[in-house]
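Peer 1: Residue numbers (the numbering used here): 90 to 871. Yeah, the Cβ is synthetic: ideal placement off N, Cα and C, and Gly gets one too. I'd like to ask some things about the structure below.
Have a look at this one:
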């Protein structure tokens, strides 16, 4: 079982998904719930979750051990390693589950094919599952059945087990031949809304595919139910110390999720706040909750500072407490780590790191794929990545193989493109000012792609942009311009861990060669004979860390690495600077630990609580510039904005890629799309930046998405132009006295609640004022 937090998935398709009010675990230390206190009737206790055995439905063996074989999770013979998974009662994301046995030959999960699961009759807020997808993110519609014969539906999903981890993570999987495949896999949590006003008796799982090779299937390992409390009730979930610092005060952040587990809305008058009581530190910034409807949750940050004499990294028993009108509401006792000690080179120490709050709030960034591949810049449109040109050349069946021969000749090596990568028209100031105009909050440049050509003055190889090609330090020029002209932007660097044809460790299995004759060719600028990781990869990463101070390192591919040492140095360097910076790392550095996951040219279908970032190019299917792509095939501004809104509503960031030409110019169509996106964000950015997901649902149907600004407002995003009335058939948190407006239209709108739906009158002038996505703001008062 992994010791570090992973992503949690909330089911959120066309139905409602309510957050469960569940006990919490911090590491292996259980947090004991105290009964709610206060005057009689003021606060009521929260019932304990109810694990539901699924053994009778198990039809798939997903877990093997070194001594016990026979499993087949995904239809191709791969399985989870039982040595790294629990058995029996276990808490995951604060939820108690009965995890199935990993004994040889035992069935331990059910493949979702529409099975009916009988439930203990009762009133519940939600059902929480342990799930995983095989061959992609899997999801479908589940149905909850009630004693009165009615039913509700909502989305239930599972993230691809191979996509970098889950709430239960393993650092490897077993291959069909029993060997270890060194790639992390995971199981996550997924929640399904249940109407607490009715007695639930059963649920029907979605219908996905059988567990067969190449087919996407949803696997369910365990289920727990959260009963509703009748009355005013709050619960603490996932209370834990972090190494993050609050931007407002610089205090250490203690995080907790507060869930309204009852049937009464929490308002400002209830005076709800969250604090920490722990010897050796004091609360300097309590968290306050001014609005929380039944079934909703709020992730809060409490700021603490060490008292004099308390060394950073000290562990003490402490209490996280929720107080409100009438006294203490709920609390958790457990171990808290006070202050941030230096990181050590191991995943246990690195696990204390998380995506910084600036990254969680930024939402929108610009990816820049620029390198030698920008010279040929060709692939069949919408079929494959143009930046993979060199690798595509190797395959006689690939269109690039014939294209290169016909255009450049068989004797024209890929490295012959290096002198043509000139960057002669590169204007870094114009670049960063365009990114700011686009509304982006950060940018990420490819410091080195799989071709191994570095865009900075690396000392471990002459294969770089200072010694050849542009003969300029392109990373330095971009970062210098960003710091001078757009200091509000955060700066990041992409770094490919392996290289396709590096003679010392060729990812593709061979050193550079002529793809037509197979004769060896030079790896220009590189002196072979190095230990690829110790003498080359790790030193290059450290050059970037110490020489350029990136706030984000976006690794790619993984593979052989020394990432535990490099990342410990990265985090320590950032926090021990004279002016500390908050930095972050993705999930592709070749180890299990990461701050965020990175789906590309796809997104998650449901809300994912642990931070994630989706990337794609404006090009239909390329990050690097593809000269064959006509302007009409690029994403439209409407498509960009729709993607941004959809991703943000599910707790993701959108890293939108551009591919400059070899001379450093950004194609006009890309500039136009970025400026159009920025125009929308100037009007509607308050519904994007520094918001969070709505815990009940990410979306309603195809056209509505939701975001929340903690304690301030609720936003409804309509991806289609609304009619004279916008009807939202969802429990929108709105009360008498609240104000509804449409961003970009300066007059209040009339609204009513009818049969549980919010109905907003939308004048024609308001409809005309919107574009791409129409955003309605519910401003909370009282």
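Just to confirm before moving on: does the CB-CB distance between residue 273 and residue 259 stay below 8 Å?
Peer 2: Yes, the Cβ-Cβ distance between residue 273 and residue 259 is below 8 Å.
Peer 1: From 196, 257 and 291, pick the residue whose C-alpha is nearest to that of residue 221; which is it?
Peer 2: Per the Cα distances, 257.
Peer 1: Roughly how many angstroms separate the alpha carbons of residue 857 and residue 863, rounded to a whole number?
Peer 2: For residue 857 and residue 863, the distance between alpha carbons rounds to 10 Å.
Peer 1: Which residues in the same chain have their Cβ closer than 8 Å to the Cβ of residue 837, if we skip the five residues on either side of it in sequence?
Peer 2: The answer, listed in chain order, is 828, 829 and 830.
Peer 1: Would you call the CB atoms of residue 792 and residue 758 closer than 8 Å?
Peer 2: No, the pair does not count as a contact, with Cβ atoms beyond the cut-off.
Peer 1: Check whether the region 657-674 touches the region 688-696, counting contact only when three or more Cβ pairs, one atom from each stretch, lie closer than 8 Å.
Peer 2: With a cut-off of 8 Å, the region 688-696 and the region 657-674 do not count as touching, because too few Cβ pairs lie within range.
Peer 1: Identify, in the order they occur along the chain, each residue of the same chain with its Cβ nearer than 8 Å to the Cβ of residue 632, setting aside the five sequence neighbours on each side.
Peer 2: 545, 547, 548 and 549, listed in sequence order.
Peer 1: Quick one, which of 814, 710, 492 and 537 has its alpha-carbon nearest residue 587's?
Peer 2: Taking only the C-alpha atoms, the option nearest residue 587 is 537.
Peer 1: With a threshold of 16 other CB atoms inside 10 Å of the CB of residue 192, please say whether the residue is buried or exposed.
Peer 2: Label assigned to residue 192: exposed.
Peer 1: How long is the line joining the alpha carbons of residue 523 and residue 337, rounded to whole angstroms?
Peer 2: Each residue's Cα considered, the two are about 28 Å apart.
Peer 1: To the nearest angstrom, how far is the alpha carbon of residue 566 from that of residue 456?
Peer 2: Cα-Cα distance, rounded: 16 Å.
Peer 1: Does DSSP put residue 844 in a helix, a strand or coil?
Peer 2: Residue 844: coil per DSSP, three-state reduction.
Peer 1: Round the Cβ separation of residue 712 and residue 746 to the nearest angstrom and send it over; I've been treating them as touching at under 8 Å.
Peer 2: Between residue 746 and residue 712 the Cβ distance is about 5 Å, and since that is below 8 Å, they are a contact.
Peer 1: CA-CA distance, residue 420 and residue 268?
Peer 2: The alpha-carbon atoms of residue 420 and residue 268 are separated by roughly 46 Å.
Peer 1: Where does residue 831 sit, in a helix, a strand or coil, going by DSSP?
Peer 2: Three-state result, residue 831: strand.
Peer 1: Which residue from 329, 390 and 753 puts its Cα closest to that of residue 405?
Peer 2: Measuring from the Cα of residue 405, the nearest candidate turns out to be 329.
Peer 1: List the whole-angstrom C-beta distance separating residue 226 from residue 248, where the pair is believed to meet the contact cut-off of C-beta under 8 Å.
Peer 2: Contact flag correct, Cβ pair sits at about 5 Å.
Peer 1: Using DSSP with H/G/I as helix, E/B as strand and the rest coil, what is residue 341?
Peer 2: Strand, per DSSP.
Peer 1: In its own chain, which residues sit with a C-beta less than 7 Å from the C-beta of residue 369, not counting the 5 before and 5 after it?
Peer 2: Taken in chain order, the residues that qualify are 395, 396, 399, 403, 405 and 427.
Peer 1: Can you give, in chain order, each stretch of the beta strand (DSSP E) that sits fully within the region 388-470 and has at least 3 residues?
Peer 2: 403-413, 416-427 and 453-457, all fully within the region 388-470.
Peer 1: Looking at residue 477 and the ligand GTP, is the gap between the Cβ and the nearest heavy atom below 7 Å?
Peer 2: With respect to the ligand GTP, the structure offers nothing, as it holds no ligand at all.
Peer 1: Is residue 380 near residue 344, with beta carbons less than 8 Å apart?
Peer 2: Taking 8 Å as the Cβ cut-off, residue 380 and residue 344 do not qualify as a contacting pair.
Peer 1: Taking a contact to mean a Cβ-Cβ separation below 8 Å, would you say residue 333 touches residue 446 in this structure?
Peer 2: For residue 333 and residue 446, yes; Cβs fall inside 8 Å.
Peer 1: Exposed or buried, which one is residue 452 when buried takes at least 16 other CB atoms within 10 Å?
Peer 2: Label assigned to residue 452: buried.
Peer 1: Kindly confirm or deny that the region 133-152 and the region 193-207 touch, where touching means at least three C-beta pairs closer than 8 Å.
Peer 2: Touching, per the Cβ criterion.
Peer 1: Classify residue 360 as helix, strand or coil using the three-state DSSP reduction.
Peer 2: Three-state result, residue 360: strand.
Peer 1: Assuming contact is defined by CB atoms lying nearer than 8 Å, are residue 627 and residue 655 in contact in what I supplied?
Peer 2: Cβ distance < 8 Å, so residue 627 and residue 655 count as in contact.
Peer 1: Quick one: Cα of residue 680 to Cα of residue 643, how far?
Peer 2: Approximately 13 Å, taken between the alpha carbons.
Peer 1: Could you check the C-alpha separation between residue 861 and residue 502 for me, to the nearest Å?
Peer 2: Computed Cα separation, rounded: 45 Å.
Peer 1: Give the secondary structure of residue 818 by DSSP, where H, G and I count as helix, E and B as strand, and everything else as coil.
Peer 2: Residue 818: coil per DSSP, three-state reduction.
Peer 1: Could you tell me the distance, in whole angstroms, from the CA atom of residue 676 to the CA atom of residue 646?
Peer 2: Going by the C-alpha atoms only, they are around 9 Å apart.
Peer 1: Can you tell which of 697, 412, 515 and 353 has its C-alpha closest to the C-alpha of residue 366?
Peer 2: When only C-alpha atoms are compared, the closest one is 412.
Peer 1: With distances taken between CB atoms, is the gap from residue 175 to residue 138 smaller than 8 Å?
Peer 2: No, the pair does not count as a contact, with Cβ atoms beyond the cut-off.
Peer 1: May I ask which residues mark the beginning and end of the alpha helix (DSSP H) holding residue 569?
Peer 2: Taken as a continuous stretch (DSSP letters only), the alpha helix (DSSP H) holding residue 569 covers 563-574.
Peer 1: Per DSSP, what are the beta-bridge partners of residue 324 in this structure?
Peer 2: Partner(s): 348.
Peer 1: Among 314, 251 and 308, which residue has its Cα nearest to the Cα of residue 209?
Peer 2: Comparing Cα-Cα distances from residue 209 to each of 314, 251 and 308, the minimum goes to 314.
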